[in-house]
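Visitor:
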Amino acid sequence: MSKTLVFDVQGMTCDHCVHAVTEAAQGVPGVTAAQVDLATNSAKVEGEGFDVAKIIEAIKEEGYEAAVRG
Ligand SMILES: [Cu+2]
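Last residue of the sequence shown: 74 in the numbering used here, with the numbers rising by one and none dropped.
1) Once DSSP output is grouped into helix, strand and coil, what is the label at E65?
2) If I follow the unbroken alpha helix (DSSP H) through E27, where does it start and stop?
3) Can you tell me where the beta strand (DSSP E) with G51 in it begins and where it stops?
4) Just checking T17 against ligand 1 - is the residue's beta carbon closer than 7 Å to any of the ligand's heavy atoms?
5) Do V10 and K48 come within 8 Å of each other at the CB atom, strictly closer than that value?
6) As a quick exercise: from D19, T26, V13, pick the residue whose alpha carbon is nearest that of E50.
7) Give me the Cβ distance between D12 and A70, rounded to the nearest whole Å; I'm assuming they're in contact under 8 Å.
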């Protein structure tokens with residue numbers, strides 16, 4: 005079953021950041037789509053069977069902080 009999760013992402017300042025975070029999230033196995041929004045510092049991730057920790061890690065590797073929006 006597919007699921008959608010929203011992450012808070014800290015440190016994004018421009019479209020380049022948005023692109024980097026989008027690519028990072030989409031690179032995680034199981035992720036089918038990522039919608040990153042600079043105005044709300046959020047990343048909406050859709051997919052099936054993805055590992056939440058791996059998404060946070062991938063975003064961190066790009067230089068941003070991420071946490072599941074609770
Ligand atoms: Cu930037």
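Cβ atoms here follow ideal geometry from the backbone N, Cα and C, with glycine treated the same way.
All values derive from a computational prediction rather than experimental measurement.
Guide: Reading it off the structure:
1) E65: helix per DSSP, three-state reduction.
2) E27 -> alpha helix (DSSP H) spans 19 to 30.
3) Unbroken beta strand (DSSP E) run through G51: 46 to 51.
4) Checking every heavy atom of ligand 1 against the Cβ of T17, one is found closer than 7 Å.
5) Between K48 and V10, the C-beta spacing is below 8 Å.
6) Among D19, T26, V13, the Cα nearest to that of E50 belongs to T26.
7) Taking 8 Å as the upper bound for CB-CB distance, D12 and A70 are in contact here, some 7 Å apart.
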